[in-house]
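J.:
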Amino acid sequence: MASLETGKGDADSALLSGDFARLTDMVDSLVWKARNGIREPWTAEQQIEDVLKFLVAEVGEVRQELVGLKKGGGGGVEPLTSELGDVLFNCLLLLGICARDLGVTPAAVCAHACAKLARRASYFFGDKDLGIGSVEQATNFWKCSKSREQNPALATQDLQELAPEDLAERLKGFVEERGGCIEVATMLEFPHLLEMKK
Numbered sequence: 048m049a050s051l052e053t054g055k056g057d058a059d060s061a062l063l064s065g066d067f068a069r070l071t072d073m074v075d076s077l078v079w080k081a082r083n084g085i086r087e088p089w090t091a092e093q094q095i096e097d098v099l100k101f102l103v104a105e106v107g108e109v110r111q112e113l114v115g116l117k118k119g120g121g122g123g124v125e126p127l128t129s130e131l132g133d134v135l136f137n138c139l140l141l142l143g144i145c146a147r148d149l150g151v152t153p154a155a156v157c158a159h160a161c162a163k164l165a166r167r168a169s170y171f172f173g174d175k176d177l178g179i180g181s182v183e184q185a186t187n188f189w190k191c192s193k194s195r196e197q198n199p200a201l202a203t204q205d206l207q208e209l210a211p212e213d214l215a216e217r218l219k220g221f222v223e224e225r226g227g228c229i230e231v232a233t234m235l236e237f238p239h240l241l242e243m244k245k
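Start counting the sequence shown at 48; every next residue gets the next number (this note's numbering).
1) Which two residues bound the contiguous alpha helix (DSSP H) that contains V114?
2) Does the contact criterion of 3 or more C-beta pairs under 8 Å hold for the segment 136 to 155 versus the segment 173 to 184?
3) Around the Cβ of Q93, are there at least 16 other Cβ atoms within 10 angstroms (buried) or fewer (exposed)?
4) Assign R69 to buried or exposed, taking buried as 16 or more other Cβ atoms, counted over all protein chains shown, within 10 Å of its Cβ.
5) Near V151, which residues of its chain fall below 6 Å by C-beta distance, leaving aside the five closest residues on each side in sequence?
6) Just to confirm the assignment, what range does the alpha helix (DSSP H) spanning A168 have?
7) I need the DSSP call for I179, collapsed to helix, strand or coil.
8) Measuring straight from C-alpha to C-alpha, what distance separates K175 and S169?
9) Throw me the rounded Cβ distance for the L131 and L116 pair, which I believe falls under 8 Å.
10) How big is the Cα-Cα spacing for V172 and L102?
11) Can you have a look at L95 and say buried or exposed, based on whether 16 or more other CB atoms are within 10 angstroms of its CB?
12) Quick one: is R195 buried, meaning 16 or more other Cβ sit within 10 Å of its Cβ, or exposed?
13) P153 and L142 - do their beta-carbons sit closer together than 7 Å?
14) Just to confirm the assignment, what range does the alpha helix (DSSP H) spanning T71 have?
15) Could you tell me which residues DSSP puts in a beta bridge with I85?
16) E87 and L99: beta carbons closer than 7 Å?
17) Taking the alpha helix (DSSP H) that V124 falls in, what are its first and last residues?
18) Could you tell me how far apart the beta carbons of E105 and D133 are, in whole angstroms, since I believe they sit closer than 8 Å?
19) Answer with buried or exposed for S129, where buried requires no fewer than 16 other C-beta atoms within 10 angstroms of its C-beta.
20) For R167, tell me which candidate among W89, Q197, D72 and M73 has the shortest Cα-Cα distance.
21) Which value, in whole angstroms, describes the spacing of the CA atoms of H159 and R147?
Here is the structure:
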């Protein structure tokens, strides 16, 4: 697996081991564990809304550091690295508080994120080459995939039961709803029409 930090591969990855694993363990301890029968008092008092406020504030600080870097000022990447660490910590803390208060498990969150990414970027992660080669095509594909998730009534199986004239009208509405991304809409919902075009 390539590392987000360097792109060099497993040897340099901080995502599955090392400090990332240590950080997740530390957050887990803050949320769940007790020393001498007492949980960490600050974390025990935090509610979801509190952590959301902290997260928004830290994202704002990341933005400030990025602006400073673009202008050639600031203290280099070190302050940005620190602020990104604060964002990561608050994301993990939010996950922990949601698990504690609502029963939302980190495993389920990760599973949903993986499944969604696999669907919306299936042109990259899937087995079929869908011919997505530009930023515009990738963006349209993502939007169409998202729209498909939000409108299950537009599923191919449902559409195949329509008469040809009704199918044409439904396809027109489907494409217009997605900003006219005909090729992507066709790839997602009407692969048999792509075959007819060839």
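Ideal Cβ positions, reconstructed from N, Cα and C, are used throughout, including at glycine.
Quick caveat, the model's predicted, so the values are computed rather than measured.
T.: In short, the structure shows the following:
1) Element bounds for V114: I95 to K117.
2) In short, these stretches do not touch, since the Cβ pair count stays below three.
3) It is buried - the Cβ of Q93 has at least 16 other Cβ atoms within 10 Å.
4) Exposed.
5) C145, listed in sequence order.
6) Note, A168: premise wrong, no alpha helix (DSSP H); not H, not E.
7) I179 falls in the coil class under three-state DSSP.
8) Cα to Cα, the separation comes out at about 8 Å.
9) So it is not a contact: roughly 12 Å between Cβ atoms.
10) Residue identity check: residue 172 is Phe in the sequence provided, not Val. Taking the straight line joining both Cα atoms gives about 30 Å.
11) At residue 95 the sequence reads Ile, which differs from the Leu that was named. It counts as exposed.
12) Per the 10 Å Cβ criterion, buried.
13) Going by C-beta atoms, L142 is nearer than 7 Å to P153.
14) Counting along the chain, the alpha helix (DSSP H) containing T71 begins and ends at G65 to W79.
15) Answer by DSSP bridge pairing, in chain order: R82.
16) The Cβ-Cβ distance between E87 and L99 does not fall below 7 Å.
17) Where V124 is concerned, the enclosing alpha helix (DSSP H) starts and stops at V124 to L149.
18) Their Cβ separation, rounded to whole angstroms, is 4 Å, which keeps E105 and D133 in contact under 8 Å.
19) Around the beta carbon of S129, fewer than 16 other beta carbons lie within 10 angstroms, which makes this residue exposed.
20) That would be Q197, whose Cα lies nearest to the Cα of R167.
21) In this structure, the CA atom of H159 is about 19 Å from the CA atom of R147.
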